[in-house]
Amino acid sequence: MATKRVLTGMRTTGPLHLGHYVGALKLWKQVQDSGEYECFFLLADVQALTTHADNPALIEQSVSDVMLDWLAVGLDPFRPNVHFVLQSALPERFELSAYLMMIARFAEVSRNPTLKEELRGRKKGDMSVGFMAYPVDQVADITIFSPCPAHPGDQLLVPVGEDQIPHLEYSADLARRFNKMYGRGKNILLECQPMVGEVGRLVGTDGNSKMSKSLGNTIDLADPQEVVTKKIMKMVTDPARRYKSDPGHPEVCPVFAYHKAFNGPSLAERMKLCRGAGITCVECKCQLAQRLNEELEPIRQRYLWAQEQDLVEILNRGNVRACQIAGQVLSAVKQAMHLDYPSLIKE
Ligand code: ATP
Ligand code: MG
């Protein structure tokens, strides 16, 4: 029977926001609930170091904060098919990463559009070597979960936001290269398949194309009701609509983008009202704040339950299963690369 796995993750650099929720977590929950996949959700504390090496306390705190957010949105590591995995506690992954670095080319990593976007406004020379190499390291995160030995129909599905697509294409390319170089006709590392939801990228409250912690334009899952409302009411709408009698242009309005992401059923009517100046921007924002608070309320409630769970025990269980799989993949990788030196080990 085909093995179907899901691998995906988040950096532990702070609280999660609505971008994470619509771009990733909703999809994760969908694949988890389908029951079709064994799911590995990775707490990427090592990747967090690529930009936050000077703040290990924040990363440590964020491991539990992110877990609480995951539990609050309904990820369920108490099911047998769901595992929360701590990246730094998976030594096999580091070893695979080191081998992949040898077949990855510097030029292809430098061309990666997501890396380029993240570098915008920063000096390349100031970035850590780990940051510049993280697209390769992330290939190890994914391929260490390859079914081993692989069978036709096996799947390694990666549900993510749209910004991750170049990384996933690269992961498939590098797996293919590895198999071609060392596989002798076998697929040792599986090519992953991306999965992106309806909202691949949520705009920030400042209208920037990506809601992101580092841009300070987030609505966090843990924000209380009044904070959510305040953040929405401060949002800038269509700049061309100076008076409420002016017709609006929903296609350029970030508030409308949120209605699109969270308030689907009323969309066509809202667009008509906005274009005909039949609704004010303040009314539109009040309705959005109310809708978002409705969406977040059950998450806030579950958060209270999450705080009572034994997070260490959840991680230990997840890592035991992850290490089992990773050990098999690493053995196959080392054997294929002539790195198992059987004669030396025998002596
Ligand atoms: P931030 O930029 O806020 O620090 P991040 O991009 O570092 O967040 P990651 O851990 O890299 O967070 O991403 C985790 C997942 O969340 C990825 O699948 C990513 O695509 C998704 N994601 C993050 N922000 C958004 C967004 N604004 N819209 C859609 N998906 C998003
Ligand atoms: Mg990121």
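Using full-length UniProt numbering, you'd call the opening residue of the sequence shown number 1 and step up by one each time. By construction, the Cβ of each residue, glycine as well, lies at the ideal position given by its N, Cα and C atoms.
{"query": "Beta carbon of residue 327: closer than 6 Å to some heavy atom of ligand 1?", "result": "no"}
{"query": "Counting only runs that start and end within the stretch 101 to 164, where is the beta strand (DSSP E) found for 3 or more residues in a row?", "result": "155 to 159"}
{"query": "Should residue 171 go down as buried or exposed, given a rule of 16 or more other Cβ atoms within 10 Å for buried?", "result": "buried"}
{"query": "Taking C-alpha atoms, which residue in 88, 34 and 2 lies nearest to residue 322?", "result": "88"}
{"query": "Would residue 235 be called buried (16 or more neighbouring beta carbons within 10 Å of its own) or exposed?", "result": "buried"}
{"query": "Specify the secondary structure class of residue 167 as computed by DSSP and reduced to three states.", "result": "helix"}
{"query": "Skipping 5 residues on each side, what residues in its chain have a beta carbon closer than 8 Å to that of residue 177?", "result": "103"}
{"query": "Could you tell me which residues DSSP puts in a beta bridge with residue 11?", "result": "44"}
{"query": "Applying the criterion that 16 or more other CB atoms from any shown protein chain within 10 Å of the CB defines a buried residue, is residue 338 buried or exposed?", "result": "exposed"}
{"query": "So if DSSP puts residue 220 in a beta bridge, which residue, or which two residues, is it bridged to?", "result": "17"}
{"query": "Are residue 24 and residue 144 touching if we call contact CB-CB under 7 Å?", "result": "no"}
{"query": "Closer than 6 Å: is that where the CB of residue 19 sits relative to any heavy atom of ligand 1?", "result": "yes"}
{"query": "Just how far apart, CA to CA, sit residue 73 and residue 182?", "result": "41 Å"}
{"query": "From residue 212 to residue 164, what distance separates their C-alpha atoms?", "result": "14 Å"}
{"query": "Among the candidates 285, 328, 313 and 335, whose CA atom is the shortest distance from the CA of residue 78?", "result": "313"}
{"query": "Should residue 35 go down as buried or exposed, given a rule of 16 or more other Cβ atoms within 10 Å for buried?", "result": "exposed"}
{"query": "Could you pull the start and end residues of the alpha helix (DSSP H) that residue 189 belongs to?", "result": "First-last for residue 189: undefined, no H or E at that position."}
{"query": "Let me see if you follow: with CB-CB separation under 7 Å, is residue 99 close to chain D or not?", "result": "Of the protein chains in this structure there is only one, and it is not chain D."}
{"query": "Identify the residues that DSSP records as bridge partners of residue 5: which are they?", "result": "38 and 156"}
{"query": "Would you tell me roughly how many angstroms separate the C-alpha atoms of residue 135 and residue 207, rounded to the nearest one?", "result": "27 Å"}
{"query": "Below 6 Å, is the gap between the Cβ of residue 11 and the nearest heavy atom of ligand 1?", "result": "yes"}
{"query": "Could you check the C-alpha separation between residue 230 and residue 280 for me, to the nearest Å?", "result": "17 Å"}
{"query": "Can you tell me whether residue 332 is buried or exposed? The criterion is at least 16 other CB atoms within 10 Å of its CB, across all chains shown.", "result": "buried"}
{"query": "So, for residue 288: in the same chain, excluding its five sequence neighbours on each side, which residues have a beta-carbon less than 8 Å away from its beta-carbon?", "result": "232, 255, 258, 259, 262 and 263"}
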